[in-house]
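Only one structure is covered here, and it is reproduced in the block below.
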Amino acid sequence: MRSELKKMMDYCTYCPKMCRFSCPTAEATASETYTPWGKMEIARWLTDKTLPLSEAMVAAVYQCVNCLHCQQYCEHGNDVPSALAEIRRMAVENYAAPAPVYTLEERFAAANNPYGLDLFERVRAHGPKPEAKRGKEVLLQPSCHTMHYFPERIGVYFELFEKLGIEGVSLVETPIQCCGAPLDALGFRTEFQEVAEVQYYSMKDYRWVVSDGPECCVTLKQKYADLGFPLERSSVPLMEFLEPYLRHSNYRSRGKIKRRLAYHDPSHLSRYLGLVELPRRILSELTGFPPLELSWSGLDSLSSGTEGSYDLVFPEFGEKIALRTVEELAARGIGKLLTADAKAEAVFRRLARGFEVQDFYEFLNEHILPAEAPANEG
Ligand code: SF4
Ligand code: SF4
């Protein structure tokens, strides 16, 4: 166990649970055991071997959605997900993880992605035309969640690239259809390393590796580098990649849109990558109005209950976490929710009550006119 992880666990032991209120899983389960403090305490006991890797103890270390919200309220800047990750690896190695964890690994082994299906088959029809492919300039690595839930979205991205004059983007075509983030989150150290290595060698010659998946971006940028596969310079979130083109291209928008729409910050974009101001600026410039703010937003945004494959291990609590955002939208009569995370979008769509859910990039594409179309105020 690395000493900085032990130090984090010690900080928690002597802490009066300063971050308790920020933890979505503690809130959803109404359990003190699942507060960041409780989970770190259990992690310490398991590390010290004071307690055996029992089902209940191991379940506690999986009761974290990796949202990093607790860090916002921690004087020590503790990274609870990283500390718990060590114990998850220990649990996996000892065949002590919850059963759904192994189901994901089986699916991954069958099809190189967490869904156990050939995702490229559904996506290929929406990629660039073969003649439009160019060298090793820009690689689009869509999240496996986008490919699974919204394969047609790939076509939307390429339409948007065309409107903004972005050329030379290729669609990823490796046998591995995922960056490996779900394996990493659930504790499959060796399997994740293998995926990272293959992906690194297939991506390293591109100038830019662009991904729409918030967790993919963090994985490519940070987790691969931790393993000695440095893509942090070339890896860029789709939102950041689009920003200079939006700024410099003379695109025409449909005009001002005054409607009650809110933006949900995926925690990996806001807290891990600091992309808080950017989506708001893009939306304001496009529509003439800033999006409405949810009561928990930006660096304080609420988890969607889907990060780190938490929804696979604890579907009932994952849904309960997502419902907090859904209930606020319904209560405030907000007509539309935008988000930039396919898995969050899928769950919000499923639970939505009286409001629409749309992908951030799909919204941009809808409101940016093709060069030849006449603009009108909407
Ligand atoms: S993460 Fe920080 S604030 Fe939360 S219990 Fe641990 S030491 Fe306290
Ligand atoms: S990362 Fe999120 S879910 Fe995990 S302990 Fe911190 S607040 Fe709770």
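Mapped onto the numbering used here, the consecutive letters of the sequence shown carry residue numbers -4 to 373.
Note that beta-carbon positions come from the ideal geometry of N, C-alpha and C, so glycine has one too.
Let me confirm a value: R148 is counted as buried when at least 16 other C-beta atoms fall within 10 Å, else exposed. Which label applies?
For the purposes of this step, residue 148 is taken as the residue at position 153 of the sequence shown. By the neighbour-count criterion, in which 16 or more other beta carbons inside 10 Å mark a residue as buried, R148 falls on the buried side.
Under 8 angstroms between the Cβ atoms of N108 and L99?
As a first step, residue 108 must be located in the sequence shown, where it is residue number 113. As a first step, residue 99 must be located in the sequence shown, where it is residue number 104. One thing to note: N108 has its Cβ no nearer than 8 angstroms to the Cβ of L99.
With DSSP as the reference, label S248 as helix, strand or coil.
Numbered from its first residue, the sequence shown carries residue 248 at position 253. Looking at S248 - three-state DSSP - the assignment turns out to be strand.
Return the CA-CA distance between R202 and S49, expressed in angstroms with no decimal places.
Mapped onto the sequence shown, residue 202 falls at position 207. Mapped onto the sequence shown, residue 49 falls at position 54. Distance between the alpha carbons of R202 and S49: 47 angstroms.
Does the beta-carbon of V385, which I'm using as the reference point, lie nearer than 7 angstroms to any heavy atom of ligand 1?
Given that the chain is displayed from residue -4 to residue 373, the structure contains no residue 385 and the question cannot be resolved.
According to DSSP, residues forming a beta bridge with I363:
Taking the first residue of the sequence shown as 1, we reach residue 363 at position 368. Within the DSSP bridge table, the entry for I363 names S248 as partners.
Within 10 angstroms of its Cβ, does Q58 collect 16 or more other Cβ (buried), or is it exposed?
Here residue 58 corresponds to residue number 63 of the sequence shown, with the count starting at 1. Label assigned to Q58: buried.
Spatial distance of V60 from Y240 (CA atoms)
Position 65 of the sequence shown, counted from the start, is the residue given in the question as residue 60. Position 245 of the sequence shown, counted from the start, is the residue given in the question as residue 240. Going by the C-alpha atoms only, they are around 34 angstroms apart.
Examine ligand 1 and report whether any of its heavy atoms sits within less than 7 angstroms of the Cβ of P123.
Taking the first residue of the sequence shown as 1, we reach residue 123 at position 128. No, ligand 1 has no heavy atom inside 7 angstroms of this Cβ.
Give the C-beta separation of A55 and G33 to the nearest angstrom, bearing in mind that I take them to be a contact with Cβ-Cβ under 8 angstroms.
For the purposes of this step, residue 55 is taken as residue 60 along the sequence shown, with counting starting at 1. For the purposes of this step, residue 33 is taken as residue 38 along the sequence shown, with counting starting at 1. Contact annotation, A55 with G33: C-beta distance approximately 7 angstroms; criterion of less than 8 angstroms satisfied.
Where E323 sits in the DSSP three-state scheme
Taking the first residue of the sequence shown as position 1, residue 323 is located at position 328. Note: E323 maps to helix in three-state DSSP.
Could you pull the DSSP bridge partners for H259 from this structure?
Against the sequence shown, residue 259 aligns to sequence position 264. T334.
From T282 to G330, what distance separates their C-alpha atoms?
Here the question's residue 282 lines up with position 287 in the sequence shown. Here the question's residue 330 lines up with position 335 in the sequence shown. Cα to Cα, the separation comes out at about 15 angstroms.
Here's the rule I'm using: 16 or more other beta-carbon atoms within 10 Å means buried, otherwise exposed. How should E158 be labelled?
Position 163 of the sequence shown holds residue 158. It is worth fixing the name first, because residue 158 is Lys in this sequence and not Glu. Result: buried.
Beta-carbon proximity list for A325, same chain, < 7 angstroms, skipping 5 on both sides
Walking along the sequence shown from the start, residue 325 turns up at place 330. Hits under 7 angstroms: R348, G349 and F350.
Should C62 be counted as a contact of ligand 1 given a C-beta to heavy atom distance under 7 angstroms?
Residue numbering aside, residue 62 sits at position 67 when the sequence shown is read from its first letter. Relative to the non-hydrogen atoms of ligand 1, the Cβ of C62 never comes closer than 7 angstroms to any of them.
Less than 8 angstroms between the C-beta atoms of S229 and C212, yes or no?
Taking the first residue of the sequence shown as position 1, residue 229 is located at position 234. Taking the first residue of the sequence shown as position 1, residue 212 is located at position 217. With a cutoff of 8 angstroms on beta-carbon distance, S229 and C212 are scored as not near each other.
Please say whether E227 and L270 have beta carbons closer to each other than 8 angstroms?
Reading the sequence shown from its first residue, position 275 is the one you call residue 270. Reading the sequence shown from its first residue, position 232 is the one you call residue 227. No. Outside cutoff.
Tell me whether E101 sits in a helix, a strand or coil according to DSSP, three-state version.
For the purposes of this step, residue 101 is taken as residue 106 along the sequence shown, with counting starting at 1. E101: helix per DSSP, three-state reduction.
Nearest-angstrom Cα separation, counted from Y258 out to M142
Sequence index remark: in the sequence shown, residue 142 carries index 147 (1-based). Sequence index remark: in the sequence shown, residue 258 carries index 263 (1-based). Using only the alpha carbons, I get a separation of about 22 angstroms.
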